[in-house]
Amino acid sequence: QRLDFAHKISRQITNENDILVFEDLNVKGMQKFNGSMVADNVMGLITQLSKYKTELEGKLYHEIGRFEKSTGVCSECGQHHVLTLNDRNFTCTACETYQSR
291 QRLDFAHKIS RQITNENDIL VFEDLNVKGM QKFNGSMVAD NVMGLITQLS KYKTELEGKL
351 YHEIGRFEKS TGVCSECGQH HVLTLNDRNF TCTACETYQS R
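Under the numbering used here, think of the first position of the sequence shown as 291, with each following residue one higher.
The structure is reproduced here in structure tokens:
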């Protein structure tokens with residue numbers, strides 16, 4: 291059932307998008323804090339199947355490294371901002387673009 295679910299979800303993700311971006315997560319580290327909840331997660335399998343199906347269809351697949359800073363980076367100019375966990379939106383100090391976290 292789990293494999294069937296992973297195939298169906300990965301197929302849906304691949305069919306509905308031309309570019310897929312996944313974040314590389316430290317699942318083993320997450321298991322220390324969330325135990326079986328993370329161990330039962332099929333996200334790793336869905337990611338692998340999506341990557342395979344995306345490349346098979348000639349679409350774009352990109353994986354963001356687990357240590358790559360992506361929060362607080364302006365999507366227009368690339369300026370980095372220091373945000374707290376309460377900051378949901380910000381205005382770029384360089385180009386003054388208002389955007390979500």
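Every residue, glycine too, gets a C-beta built ideally from N, C-alpha and C. Computed from a predicted structure; not experimentally measured.
Practice item. Would you tell me roughly how many angstroms separate the C-alpha atoms of C364 and Y351, rounded to the nearest one? Key: 22 Å
Review point. To the nearest angstrom, how far is it from the Cα of K322 to the Cα of L315?
Key: Computed Cα separation, rounded: 13 Å.
Check your understanding: Near T387, which residues of its chain fall below 8 Å by C-beta distance, leaving aside the five closest residues on each side in sequence?
Key -> C364, S365, E366, C367 and T381
Point to revise | Rounded C-alpha distance that separates R292 from S300 | key: Rounded to whole angstroms, R292 to S300 spans 12 Å at the Cα level.
Check your understanding: Between the Cα of S256 and the Cα atoms of S360, T361, L310 and I354, which residue gives the shortest distance?
Key -> With the chain running from 291 to 391 in the structure shown, residue 256 is simply not present.
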